[in-house]
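In this note's numbering, the protein residues as written are 86 to 447.
Every residue, glycine too, gets a C-beta built ideally from N, C-alpha and C.
Presented below is the structure to which this report refers.
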């Protein structure tokens, strides 16, 4: 038996197929992964993401602590209330301990890290915090519901108070603000517009049911994964982990190199890697013929003895063929080979994103 969110019994009553995910009992789907995927691309869908770990960072050194802990720089979001920042949290060897989101809460910061790395993340964050005047508070009292899709915001506004609807209207993309005991953010993990709303556990069921009554269907982890892969979004343990540099995980854009005086964990290692030229990079792969690429399949490129690997692969419901993310030698050209059932299959190499806001990019 794993951890359970405030919505666990509701998932069961709605027919959710429950599986273990990072130690949590979570719904994989409610009958059809493909239908749930298409709901989000075409209209709206909602996900229980309460398994994510929310950690509030307060104290006199909150900014300095995060500037050292993270590869990205929270100074970039100080000027805008609620502004969000995506960053890797690196180890001294330059590997990615986790990827996370940080919100500027005007004098303190709210972070959201992955559930599967919760214990490791908290141990590391607390270890580094020992050298700063900061207080870390895990917010286990909050559930989190993601409503995603082209109609997500419109429908969400119909089941909240006038004050919360007005706040939703005011939000810019990648911004989150509090309203009473709720925290409403215009963020997501699907490649569609939408909201991620943190809400007290005892209010989660009523809000979930209200959304469902106005036509927002529940969606499970399976659809969330195909949606994020179509959007080219990384998944911890696949595209990056403790042994993978952010430069090899398409996370170079999340590293704030300036100011040069800012030291952050792992900086010297990845600076040296950048100067020497990264040997591997993350790319997108497309297979328009029959077959489905899957994680851990080997990738070969002409002119190199080095092998790459598929980090995530699936059948794309939106595109109608297989797509994948792969970490490959940096010298890769416009095509490469994926080993599938003992055969070398030629595939196209593209930028590591495939669908955004319902529109194909490949």
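Report task. Measuring alpha carbon to alpha carbon, tell me which of 303, 405, 345 and 425 ends up nearest residue 97. Result -> 303
Query raised in the report: Closest by CA to residue 412, which one among 390, 209 and 334?
Result: 334
Requested in this report: Classify residue 168 as helix, strand or coil using the three-state DSSP reduction.
Outcome: strand
**Report entry** Anticipated Cβ contact below 8 Å, residue 277 with residue 125, distance rounded
**Finding:** 6 Å
**Report entry** Segment contact flag, the stretch 356-374 with the stretch 325-340, C-beta cutoff 8 Å, min 3 pairs
**Finding:** yes
Query - Sequence-distant residues of its chain with Cβ nearer than 6 Å to residue 139 (five each side left out) - result: 197, 224 and 227
Requested in this report: Check residue 109 in the structure and name its three-state DSSP category.
Outcome: strand
Requested in this report: Taking residue 297 as part of the alpha helix (DSSP H), name the residues at either end of that continuous run.
Outcome: 286-298
Query raised in the report: Residue range of the beta strand (DSSP E) that residue 131 falls in?
Result: 130-133
Query raised in the report: When you compare each of 107, 279 and 319 to residue 239 by their alpha carbons, which one comes out closest?
Result: 279
Query raised in the report: Run through DSSP, which three-state label would residue 440 get?
Result: strand
**Report entry** Exposure label - residue 181; buried when at least 16 CB within 10 Å
**Finding:** buried
Query raised in the report: Thinking just about the alpha-carbon of each residue, which of 440, 406, 89 and 144 is nearest to the one in residue 317?
Result: 440
Query raised in the report: Sorted by chain position, which residues of the same chain lie with C-beta nearer than 6 Å to residue 29's C-beta, five sequence neighbours on each side aside?
Result: Not covered by the structure: residue 29. The range shown for the chain is 86 to 447.
Report task. Would you kindly work out how many angstroms separate the C-alpha atoms of residue 116 and residue 202, rounded to a whole number? Result -> 28 Å
Query - residue 148 (DSSP reduced to helix, strand or coil) - result: helix
Query raised in the report: Applying the criterion that 16 or more other CB atoms from any shown protein chain within 10 Å of the CB defines a buried residue, is residue 91 buried or exposed?
Result: buried
Query raised in the report: Is residue 119 buried or exposed, if buried means 16 or more other CB atoms sit within 10 Å of its CB?
Result: exposed
Requested in this report: Over the uninterrupted alpha helix (DSSP H) stretch that includes residue 249, give me the two end residues.
Outcome: 247-255
Query raised in the report: On the three-pair Cβ rule with 8 Å, is the stretch 369-386 touching the stretch 429-446?
Result: yes
Query raised in the report: Do you know whose CA, among 361, 409 and 105, lies nearest residue 200's CA?
Result: 105
Query - Whole beta strand (DSSP E) elements within the stretch 332-396, 3-residue minimum - result: 365-372 and 383-385
Query raised in the report: Do you know offhand how far residue 265's Cα is from residue 273's?
Result: 22 Å
Query raised in the report: residue 405 to residue 420, Cα distance in whole Å?
Result: 20 Å
Query raised in the report: Going by C-alpha distance, which of 287, 89 and 325 is nearest residue 397?
Result: 325
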